[in-house]
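Numbering (our numbering), first residue to last: 609 to 919. Using N, Cα and C, we set each Cβ at its ideal position, and we do this for glycine too. All remarks here apply to the structure that follows.
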Ligand code: ASP
């Protein structure tokens, strides 16, 4: 009997209401999510690894201007794109992460290189960029990352103490456009990856949950694979991704029970808005969020494709 394969992706959570998207934009998001989930699923289908699958899906989302990762990353308080990313596999618990990198076309590829080609788990800022240069990781000029509506978002909060989650319609609305993927391959191995530009007008040097193993990303074959999106500070304080794994490992909760406790109770209690994608070794998929919407897609163990945006 062949082992089950499955994959899920997200393109950020937040105040995403049907009334805010034109039919054209909704169609564009749907297409981009479809393409990204297919990129990873194709690899799994051909017998590839979950690590390669999550990387391929995240690269596809990073290359799409609609999402806050890679091209389309938000502006920080000094008008730069500082990006964070991480990747982890569930068999040996190997992981790689980078934070505050600039001009790296695909930060998830750099996180993977840290995992595969260094003795370290986490490199930051200039050190991470030097590491990239030495390995000919693809770079891109500032122009490549520029997207007008992200610039407009930044202009509306620039020079204030506000920092915004992505996909905002109004400066006070909250939307997070981080991207991520979780996958289960035919060898039964789980993997997770997350990539983000962070939050609009975040302080120079601010790092969110996305590159932090255990907060925004986690994978462990004995429990689950998780990638988060939401207000990073709260996700760090709740150690969200690892907490779900712990609830399964120590308390024997199912994937769904563990996700529900963390997303709808523990996070809500500290006003931690957002969501996550989760997958276990049986191929169960959970896509919980406590915000208005979350860009998400999955292909389950039956090969059934799902794409969702709103609640
Ligand atoms: N979690 C990300 C951060 O705080 C933001 C997001 O999910 O869009 O950096």
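Return the first residue and the last residue of the alpha helix (DSSP H) that residue i is part of.
i	result
residue 904	Not the alpha helix (DSSP H): residue 904 falls in the beta strand (DSSP E), residues 901-907.
residue 620	Where residue 620 is concerned, there is no enclosing alpha helix (DSSP H), although the beta strand (DSSP E) it sits in stretches over 614-622.
residue 937	The shown model of the chain, from 609 to 919, leaves out residue 937, and the question about it has no answer.
residue 672	Run containing residue 672: none; DSSP gives neither H nor E here.
residue 848	848-859
residue 872	Careful: residue 872 lies outside any alpha helix (DSSP H) and carries neither H nor E.
residue 800	Careful: residue 800 lies outside any alpha helix (DSSP H), inside the beta strand (DSSP E) at 798-804.
residue 646	631-653
residue 753	750-753
Would you mind sorting residue i into buried or exposed? The rule is 16 or more other CB atoms within 10 Å of its CB.
i	result
residue 819	buried
residue 726	exposed
residue 795	exposed
residue 919	exposed
residue 776	Residue placement at residue 776 cannot be trusted, given a pLDDT of 45 that sits under 50; what the coordinates show is reported in the next sentence. With 16 or more Cβ atoms within 10 Å of its Cβ, residue 776 is classed as buried.
residue 829	buried
residue 610	exposed
residue 860	exposed
residue 911	exposed
residue 683	buried
residue 652	buried
residue 627	exposed
Thinking C-alpha only, which one of the options is nearest residue i?
i	options	result
residue 671	643, 652, 878, 697	643
residue 742	830, 634, 722, 757	722
residue 821	613, 648, 719	719
residue 761	676, 823, 621	676
residue 907	622, 623, 649, 630	649
residue 884	615, 614, 621, 613	621
residue 689	680, 695, 738, 697	680
residue 823	793, 854, 810	854
residue 705	837, 803, 838	803
residue 990	685, 631, 627, 637	The first residue shown for the chain is 609 and the last is 919, placing residue 990 beyond what the model contains.
residue 890	731, 846, 793	793
residue 701	801, 664, 745, 629	801
residue 755	703, 771, 674	674
residue 888	656, 737, 826	826
Using only the heavy atoms of the ligand ASP, determine whether one of them is closer than 6 Å to the beta carbon of residue i.
i	result
residue 569	Examination of residue 569 is not possible in this model, given that the chain is present from 609 through 919 alone.
residue 862	no
residue 817	yes
residue 680	no
residue 840	yes
residue 901	no
residue 786	yes
residue 806	yes
residue 620	yes
Write down the C-beta distance between residue i and residue j rounded to the nearest angstrom, noting that I regard them as a contact closer than 8 Å.
i	j	result
residue 875	residue 832	Not confirmed; about 17 Å, so no contact.
residue 693	residue 716	5 Å
residue 917	residue 788	About 16 Å; that fails the 8 Å criterion.
residue 817	residue 785	About 14 Å; that fails the 8 Å criterion.
residue 905	residue 852	That belief does not hold up - the Cβ atoms of residue 905 and residue 852 are roughly 20 Å apart, past 8 Å.
residue 662	residue 748	At roughly 22 Å, the Cβ-Cβ gap does not stay under 8 Å, so residue 662 and residue 748 are not in contact.
residue 733	residue 708	4 Å
residue 858	residue 808	Wrong, their Cβ atoms sit about 37 Å apart, outside the cutoff.
Ends of the beta strand (DSSP E) at residue i?
i	result
residue 729	Taken as a continuous stretch (DSSP letters only), residue 729 belongs to no beta strand (DSSP E), as it is neither H nor E.
residue 693	691-697
residue 826	825-827
residue 835	832-838
residue 917	913-918
residue 884	882-888
residue 788	787-792
residue 707	703-709
Shorter than 7 Å from the beta carbon of residue i to some beta carbon of chain D?
i	result
residue 735	The chain inventory of the structure shown lacks chain D, comprising one protein chain alone.
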